[in-house]
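So for the sequence shown, the working numbering puts the first residue at 22; every next one is plus one.
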Amino acid sequence: MSRDLKLLAPYVAEAAKELVILCLTAGLPILITQTKRTVFEQQSLWEQGRTRPGKVVTNAQPGDSPHCPPHDFPGLAFDVAFRVLETGEVTWDPPEGRTWEEVGVIAEGLGLEWGGRWSGFPDRPHFQWPHWRRVAGGADPTGGKSPSGGVIGVT
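Structural data, given as structure tokens:
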């Protein structure tokens with residue numbers, strides 16, 4: 022699975038870079054762990070916990086995930102983890118006394134949708150472009166409106 026920001030739509034890549042910088046500044050060092058997935062990778066993740074051993078990690082089959090949108094569209098989602106600066110260790114546990122909520126709020130300020138808000142299947146490390154299905158279908162990434170708040174990279 023790729024961590025290459027060049028495989029994301031440019032406005033998603035810009036938001037991902039900005040999120041990493043803002044989180045580091047806030048004392049929440051994160052790194053991108055996944056960007057775009059191939060159909061095979063998405064299918065394999067979907068099968069995990071269903072037809073293969075392991076815990077279910079996604080409800081999205083290929084073409085129904087912003088990591089693997091239809092029609093060879095660039096990726097519209099990315100996942101992150103925390104990085105322990107002293108050791109370089111990658112972990113999904115926030116630094117002591119900190120929370121995923123803090124990362125989610127920063128991301129939402131950039132105009133991203135945070136998977137940690139999902140009620141049925143919370144996915145705290147996941148961030149995606151809002152209304153990604155419409156965007157992958159050719160809609161304007163802004164929804165036809167001028168960007169507001171912290172939405173970056175789309176004019």
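Just so you know, even glycine gets a beta-carbon here, dropped at the ideal spot from N, CA and C.
How would you label GLY170, buried or exposed, when you count the other beta carbons within 10 angstroms and need 16 or more for buried?
-> With a pLDDT of 46 at GLY170, under the threshold of 50, the predicted position of this residue should be treated as unreliable, though the coordinate-derived value follows. By the neighbour-count rule (16 or more Cβ atoms within 10 Å), GLY170 is not buried but exposed.
With DSSP collapsed to three states, give me the class of TRP135.
-> strand
State buried or exposed for TYR32, treating a residue as buried only when at least 16 other CB atoms are found within 10 Å of its CB.
-> buried
Three-way DSSP call (helix, strand, coil) for GLN82 in this model = coil
Opposing strand residues paired with PHE61 [DSSP bridges] | Paired residues: none, contrary to the question.
Spatial neighbours of GLY84 in its chain, beta-carbon cut-off 6 Å, leaving aside the 5 residues before and after | PRO91
Since ALA47 is in the beta strand (DSSP E), which residue starts that stretch and which ends it?
-> It is not in any beta strand (DSSP E) - ALA47 carries neither H nor E in the DSSP assignment.
Answer with buried or exposed for SER86, where buried requires no fewer than 16 other C-beta atoms within 10 angstroms of its C-beta.
-> buried
Where does PRO162 land, buried or exposed, given buried means 16+ other C-beta within 10 angstroms?
-> buried
Which of the three DSSP states, helix, strand or coil, is assigned to GLY96?
-> strand
Within 10 angstroms of the Cβ of PHE61, are there 16 or more other Cβ atoms? Answer buried if so, exposed if not.
-> exposed
Flag PHE148 as yes if its beta-carbon sits less than 7 Å from any beta-carbon of chain B, otherwise no.
-> Going by chain labels, chain B is absent from the structure shown, which holds only one protein chain.
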